[in-house]
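Residue numbers (UniProt numbering), protein chains in the order written: chain H, 1 to 113; chain W, 1 to 113.
All C-beta atoms in this analysis are idealised placements derived from N, C-alpha and C, irrespective of residue type, glycine included.
In what follows, a structure is listed as structure tokens, so that the remarks can point back to it.
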């Protein structure tokens, strides 16, 4: 492969860095998977991910909402219930998450060899 | 989608967490892209990624080698030159990196809207 100039290399790196900024870190992808798999309420999501604290979950949900990946709705009933669902934009991450899942399976096989 | 039991949810989450452990964080993917794009020597890789310190690059290269994603070779000439190249296992990440690149482009368009 031809060696790229610094500027061209940055053109490849920037979108990947954007993706890492939005979904990188230890928790965001795991929270998105939990919501995708049918956990919509705060306590459900919290219980589905081991070692995730209430404070961290709360902060991460706000970040995911800011990035338009999930939406938060509040029911009118009593008690009031808040539900988190994936937005259409959030759903565009499914292919990437599947790719991460498949590579994780492959890597574990490779390392165990 | 049917709500999954906690155990089943973990089956989906574990491989994704494995992937994040291996290539997550701020630098590893960027270092892999730099090597994929033709930078094979330490200083070349260092110069191709803004704000990456020598110490961090050195540590991350060791991690990538431990995970069998890159290999390190030392030339016999003088001065001795060390070169980093992607292993066959490292090359299996290309599809995932392309997916991260494409999603980053899509997300930037969405957020600018």
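Rounding to the nearest angstrom, what Cα-Cα distance links residue 84(H) and residue 104(H) in this structure? Within the first chain, residue 84(H) is the residue found at index 84, counting from 1. Within the first chain, residue 104(H) is the residue found at index 104, counting from 1. Approximately 27 Å between the Cα atoms of the pair.
Got a sec: is the Cβ-Cβ distance from residue 142(H) to anything in chain W below 8 Å? The question about residue 142(H) has no answer here: the residues shown for chain H are numbered 1 through 113.
Go ahead and label residue 19(W) buried or exposed: buried means 16 or more other beta carbons lie within 10 angstroms of its beta carbon, across all protein chains shown. Position 19 of the second chain, counted from the first residue, corresponds to residue 19(W). Buried.
DSSP puts residue 70(W) in a beta bridge; with which residues? Within the second chain, the letter at position 70 stands for residue 70(W). Residue 70(W) is bridged by DSSP to 86(W).
Among 106(H), 102(H), 95(H), which residue has its Cα nearest to the Cα of residue 102(W)? Counting from 1 along the second chain, the entry for residue 102(W) is found at position 102. Cα-wise, what sits closest to residue 102(W) is 95(H).
Residues of chain W with a CB under 8 Å from the CB of residue 68(H): which are they? In the first chain, counting from the first residue as 1, residue 68(H) sits at position 68. In chain order: 110, 111.
Mind checking if residue 1(W) is an interface residue toward chain H, Cβ cutoff 8 Å exclusive? Translated into positions along the second chain, residue 1(W) becomes position 1. Interpretation of residue 1(W) is limited by its pLDDT of 48, a score under 50 that renders its predicted location unreliable; the figure taken from the coordinates is listed afterwards. Yes, because at least one Cβ of chain H sits closer than 8 Å to the Cβ of residue 1(W).
Taking the straight line between their C-alpha atoms, what separation do you get for residue 13(H) and residue 100(W)? Start at 1 with the first residue of the first chain, and residue 13(H) comes out as number 13. Start at 1 with the first residue of the second chain, and residue 100(W) comes out as number 100. Roughly 10 Å between the two C-alpha positions.
Under 8 Å between C-beta atoms, does residue 89(H) make it to chain W? Position 89 of the first chain, counted from the first residue, corresponds to residue 89(H). By this cut-off, residue 89(H) is an interface position.
To the nearest whole angstrom, what separates the beta carbons of residue 68(H) and residue 27(H), a pair I think is in contact under 8 Å? Position 68 of the first chain holds residue 68(H). Position 27 of the first chain holds residue 27(H). Actually they do not touch by this definition, with Cβ atoms about 18 Å apart.
What separation, rounded to the nearest whole angstrom, lies between the Cα atoms of residue 73(H) and residue 34(W)? By 1-based counting over the first chain, the position of residue 73(H) is 73. By 1-based counting over the second chain, the position of residue 34(W) is 34. The straight-line gap separating the alpha-carbon atoms of residue 73(H) and residue 34(W) is approximately 42 Å.
Counting C-beta neighbours from all protein chains within 10 Å, is the total for residue 43(W) 16 or more, i.e. buried, or is it exposed? Locating residue 43(W) in the second chain gives position 43, counting from the first residue. Taking all protein chains shown into account, residue 43(W) has fewer than 16 neighbouring C-beta atoms within 10 Å of its C-beta and is therefore exposed.
Using the Cα positions of residue 16(W) and residue 110(H), report the straight-line distance between them to the nearest angstrom. Taking the second chain and counting its residues from 1, one reaches residue 16(W) at position 16. Taking the first chain and counting its residues from 1, one reaches residue 110(H) at position 110. When rounded, the distance between both Cα atoms is 15 Å.
Segment limits, alpha helix (DSSP H) that includes residue 24(H): Counted from its first residue, the first chain places residue 24(H) at position 24. In the DSSP assignment, residue 24(H) falls outside any alpha helix (DSSP H), carrying neither H nor E.
Looking at chain W, which residues of the segment 9-24 of chain H have a Cβ within less than 8 Å of any of its Cβ atoms? Close to chain W, meaning a Cβ-Cβ distance shorter than 8 Å, are the following residues of the segment 9-24 of chain H: 9, 10, 12, 13, 14, 15, 16, 17, 18, 19, 20, 22, 24.
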